[in-house]
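Remarks on the structure that follows.
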Amino acid sequence: MSVVLAERPAEGVLLLRINRPEARNALNMEVRRALAAELVAAAEDSSVRAAVITGNEKAFAAGADLREMRDLGPIEAMQRGTHKLWDQIAAFPKPLIAAVNGFALGGGCELALHCDIIIAGEGAKFGQPEVKVGILPGGSGTQRLVRAIGKYKAMLMILTGEIIDAREASEMGLISRVVPDDQVVDHAVQMAANIAKLAPIAVELAKEAVLAGQDASLATGLSLERKALWLAFATEDKREGMTAFLEKRSPNFKGK
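In terms of numbering that gives the first Met the number 0, the sequence shown is residues 0 to 255.
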């Protein structure tokens with residue numbers, strides 16, 4: 000059976016389930032390649048307007064697969080090209096939602112950090128425990144985590160390897176929303192379905208503006224925002240959305 004299961008639970012929504020329950024969904028190279036391949040394909044598929052990544056009730060992804068990594072030397076680690084797969088996930092231009100139950104540790108936490116929205120169950124656990132096995136976060140944890148929650152909270156997680164619960168993660172600003180464990184996937188899919196009903200070009204431009212501007216100066220970010228807005232004004236969906244609002248009806252966005 001595939002290590003990543005692809006489903007279409009709602010119109011416009013792609014749901015990807017990591018499927019290695021025997022290893023708590025540890026991210027081996029097969030899983031990484033499968034996730035990246037699915038998202039690369041979905042980026043070019045106009046029928047997909049939003050995607051959700053999840054695991055199972057016990058683990059979103061409990062980290063990298065140490066059985067694969069234990070005997071790697073530096074050259075082998077570099078040649079595996081893991082960073083290229085992370086880059087492909089990061090480059091997904093459409094909204095990407097993490098639906099987290101159970102453990103999201105190490106690479107699992109980093110995978111969630113690659114998403115635009117994180118929905119977590121009340122029993123979810125987050126952490127970057129790499130220092131406990133003699134390495135450090137290598138899937139962007141040292142960079143994305145500090146951008147998400149700030150230097151001092153990120154340092155607390157990265158330097159101690161402590162695991163935090165969903166409540167603390169929410170207080171830190173690491174996750175978007177906490178819901179009951181049995182509602183995580185349904186909540187994420189419904190959110191993705193709601194996004195999929197919106198104007199897809201505007202949604203993608205909004206995501207691009209936020210991501211491109213977060214490491215830029217305010218002036219540069221505002222310039223990017225204005226240019227994205229002007230592009231949105233060139234779309235048919237802009238006229239349809241405004242006309243539908245004025246006519247008090249639901250819009251029919253076509254992605255044009």
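Heads up, the beta-carbon is just placed ideally off N, CA and C, and yes, glycines get one too.
Spatial neighbours of residue i in its chain, beta-carbon cut-off 8 Å, leaving aside the 5 residues before and after
i	result
E203	P92, K93
A179	It should be noted that the sequence gives Pro, not Ala, for residue 179. So the list reads G120, E121, once near-sequence residues are dropped.
A211	G220, L223
Nearest neighbour of residue i, chosen from the options [CA to CA]
i	options	result
L228	A42, E207, R7, G160	E207
S46	K196, T141, A76	K196
A153	I88, V145, Q87	V145
F125	I74, A90, V177	V177
E214	N55, L38, Q142, I174	A quick correction: the sequence has Asp, not Glu, at residue 214. Measuring from the Cα of D214, the nearest candidate turns out to be Q142.
D236	I74, E109, G254	G254
V184	D86, D44, R248, I117	I117
L67	E109, E29, I17, L158	The sequence shown places Glu at residue 67, rather than the Leu named in the question. For E67, the nearest C-alpha among the options comes from E29.
L173	R248, N55, A42, A111	A111
L71	A147, I134, K226, K247	I134
P20	A205, G54, E43	G54
Same chain, Cβ closer than 7 Å to residue i, neighbours up to 5 away in sequence not counted
i	result
P8	L14, V188
V132	L65
I200	A231, T234, D236, G254
R23	K57, A58, A61, F102
M0	N18
Residues bridged to residue i (per DSSP)
i	result
I273	Residue coverage of the chain in this structure runs from 0 to 255, which leaves residue 273 outside it and unanswerable.
L95	A50
A9	V12
A103	A60, F125
I17	V3
Chain-order list of residues whose beta-carbon lies under 6 Å from that of residue i (same chain, five-residue window excluded)
i	result
H113	I88, A89
L34	V3
G106	L26, G62, A63, G138
E6	L14
I163	F125
A103	F59, A111, F125
Element boundaries [beta strand (DSSP E), containing residue i]
i	result
F244	Here F244 belongs to no beta strand (DSSP E); instead the alpha helix (DSSP H) covers 235-245.
I118	116-120
Residue i - containing alpha helix (DSSP H), residue span
i	result
L38	28-42
R176	Careful: R176 lies outside any alpha helix (DSSP H), inside the beta strand (DSSP E) at 176-178.
A227	217-231
D70	Unbroken run through D70: none, as it is neither H nor E.
I148	140-148
G212	199-212
H113	Taken as a continuous stretch (DSSP letters only), H113 belongs to no alpha helix (DSSP H), as it is neither H nor E.
V183	183-195
L173	Segment: none, L173 is in no alpha helix (DSSP H) and carries neither H nor E.
I88	81-89
Taking 8 Å as the cut-off, does the segment 186-197 touch the segment 11-21 (at least 3 CB pairs, one atom from each stretch)? yes
State whether the segment 70-78 contacts the segment 48-56, with contact taken as three or more CB pairs (one from each stretch) at a distance under 8 Å. no
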